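Trainee:
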Amino acid sequence: MGRIVPEINISSVREIIFQNYRIIYRTKIDYVEIITVLHGSRLLRL
């Protein structure tokens, strides 16, 4: 699994970095929900 998103700090919301992108997702019991995919130069809007 990826790391906890520092801006959100919720253990079920995590991110992985793939090339120039941040993939932010939430883990569920039966599946993974993709929340957003951002280019690395963009800031996460809360």
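Here the working numbering is used: the first residue of the sequence shown is 602, the next is one more, and so on. For every residue, glycine included, the Cβ atom is placed at its ideal position computed from N, Cα and C. What you are looking at is a predicted structure, and each value in this text was computed from that prediction instead of being measured.
1. State the start and end residues of the unbroken beta strand (DSSP E) segment that holds L639.
2. Suppose the cutoff is 6 Å on Cβ atoms and the five residues either side in sequence are ignored; what does the same chain contact list for S613 look like?
3. Output needed for E608: all residues of its chain with C-beta closer than 6 Å, excluding positions within five of it in sequence on either side, in chain order.
4. Which residues mark the beginning and the end of the beta strand (DSSP E) in which V599 is found?
5. Exposed or buried, I618, counting other C-beta atoms within 10 Å across all chains shown (16 or more means buried)?
Mentor: Working from what's here:
1. For L639, the enclosing beta strand (DSSP E) stretches over residues V633 to H640.
2. Closer than 6 Å at the Cβ level, and outside the excluded window around S613, lie R627 and T628.
3. Excluding sequence neighbours, E608 sits near L645.
4. The chain is shown only over 602 to 647; residue 599 falls outside these bounds and no answer can be derived.
5. I618 comes out exposed.
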